[in-house]
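Undergrad: Please read through the structure below; I'll follow up with questions.
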Ligand SMILES: [Zn+2]
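Structure follows, in structure tokens:
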């Protein structure tokens, strides 16, 4: 791997450690030319299979852009979106799979989004779970209310 500072074509690994979840390895590298250090992260590739059958590398950025629309006008920051995308990726990777359907990625977004913002969650869920009637919304809202009530009782 090229040194990101001087573009030297070689580097030496000075330290390797496996991430806590076991899904990636971080390597500390040193450039023999400029002596500066940098970190690389090695993870298994995760492919998303689109409905057309085409597969592409999982991208947090795509998760963020998919959710951003549902969050319009809501008190959700770019930082919140980045953290949500990170959680989605970690959840998927922790299943130990190498590929996932695009629809499953949509479903994996639901839980963290529900915790982030309930209105954005309802907007997003209505698309990904194919809500087609008021009853679908009512059922989702009842389950949010029940959750809120349970959380209140546990306090
Ligand atoms: Zn260098």
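In this note's numbering, the protein residues as written are -10 to 144.
Yeah, the Cβ is synthetic: ideal placement off N, Cα and C, and Gly gets one too.
All values derive from a computational prediction rather than experimental measurement.
List the whole-angstrom C-beta distance separating residue 53 from residue 32, where the pair is believed to meet the contact cut-off of C-beta under 8 Å.
TA: Here the question's residue 53 lines up with position 64 in the chain shown. Here the question's residue 32 lines up with position 43 in the chain shown. Rounded, the Cβ-Cβ distance is 19 Å, inconsistent with contact.
Undergrad: According to DSSP, is residue 17 part of a helix, a strand, or is it coil?
TA: On the chain shown, position 28 is the one that residue 17 refers to. Looking at residue 17 - three-state DSSP - the assignment turns out to be strand.
Undergrad: State the Cα-Cα distance for the pair residue 65 and residue 21, rounded to the nearest angstrom.
TA: Residue numbering aside, residue 65 sits at position 76 when the chain shown is read from its first letter. Residue numbering aside, residue 21 sits at position 32 when the chain shown is read from its first letter. C-alpha separation (whole angstroms): 44 Å.
Undergrad: So, is residue 0 buried or exposed, given that buried needs 16 or more other C-beta atoms within 10 angstroms?
TA: Numbered from its first residue, the chain shown carries residue 0 at position 11. Burial call: buried.
Undergrad: Assign residue 44 to one of three DSSP states: helix, strand, or coil.
TA: As a first step, residue 44 is located in the chain shown; it is residue number 55 there, counting from the start. If DSSP states are grouped into helix, strand and coil, residue 44 belongs with the strands.
Undergrad: Beta carbon of residue 28, beta carbon of residue 17: below 8 Å?
TA: Translated into positions along the chain shown, residue 28 becomes position 39. Translated into positions along the chain shown, residue 17 becomes position 28. Yes, the pair counts as a contact, with Cβ atoms nearer than the cut-off.
Undergrad: Let me know if residue 112 comes out buried or exposed under the rule of 16 or more other beta-carbons within 10 Å of its beta-carbon.
TA: As a position in the chain shown, residue 112 is number 123, starting the count at 1. By the neighbour-count rule (16 or more Cβ atoms within 10 Å), residue 112 is buried.
Undergrad: Quick check: the Cα distance between residue 62 and residue 108, rounded to an integer number of angstroms?
TA: Translated into positions along the chain shown, residue 62 becomes position 73. Translated into positions along the chain shown, residue 108 becomes position 119. Approximately 10 Å between the Cα atoms of the pair.
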